[in-house]
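K.L.:
Take the sequence shown: its letter number 41 is residue 41 in UniProt numbering, and every next letter is one higher.
Every residue gets a Cβ at the ideal spot worked out from N, C-alpha and C, and that includes glycine.
Since we're looking at a predicted model, the values are computed, not measured.
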Amino acid sequence: MPEARVKIASEVGLHARPAAVFVKSAAQQGCGVSIGRPDGELVDATSILAVLGLAIGHNEEIVLRTEGEGAENALTALSDLLTHEEPAAS
Numbered sequence: 001m002p003e004a005r006v007k008i009a010s011e012v013g014l015h016a017r018p019a020a021v022f023v024k025s026a027a028q029q030g031c032g033v034s035i036g037r038p039d040g041e042l043v044d045a046t047s048i049l050a051v052l053g054l055a056i057g058h059n060e061e062i063v064l065r066t067e068g069e070g071a072e073n074a075l076t077a078l079s080d081l082l083t084h085e086e087p088a089a090s
């Protein structure tokens, strides 16, 4: 299971629009994706309620974990998305 620690670049953290863009991208990856704090439980990254429930703020370090076919590519794509200032709506 590939895993990465990344810092959230969005000024509002993973709130509202940035969270929705992230969740949509996670759902499109075709593999399992989890997100959480380094010292906490990971949640399903394709669930907007689970992601919003983490209340992840700006510049906070999080853990991304992917599993299944295409996991490495998914991890790279999602890490890149979170480390840019504002995720672009797709």
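1) Counting pairs of beta carbons, one from the segment 57-71 and one from the segment 31-42, are three or more of them closer than 8 Å?
2) Would DSSP call Asp44 helix, strand or coil?
3) Can the beta-carbon of Val43 be found less than 9 Å from the beta-carbon of Gly57?
4) Got a sec? Which residues, its chain only, sit under 7 Å from Thr83 by beta carbon, not counting five neighbours each side?
5) Give me the Cα-Cα distance between Ala19 and Met1, rounded to the nearest whole angstrom.
6) Please state the DSSP three-state secondary structure of Glu61.
7) Taking the C-alpha atoms as reference points, what is the distance between His15 and Leu75?
8) In terms of residues, what are the limits of the alpha helix (DSSP H) holding Val33?
9) Going by beta-carbon coordinates alone, are Ser47 and Val23 separated by less than 9 Å?
P.N.:
Per the coordinate set shown:
1) Short answer: they touch.
2) In the three-state reduction of the DSSP assignment, Asp44 falls in the strand class.
3) No, these two residues do not count as a Cβ contact at 9 Å.
4) Correct list, in chain order: Val6, Lys7, Ala9.
5) C-alpha separation (whole angstroms): 23 Å.
6) Reduced to three states, the DSSP call for Glu61 is strand.
7) Rounded to the nearest angstrom, the two C-alpha atoms are 20 Å apart.
8) Val33 -> not in any alpha helix (DSSP H); beta strand (DSSP E) instead, spanning 32-36.
9) Taking the C-beta atoms as reference points, Val23 is found nearer than 9 Å to Ser47.
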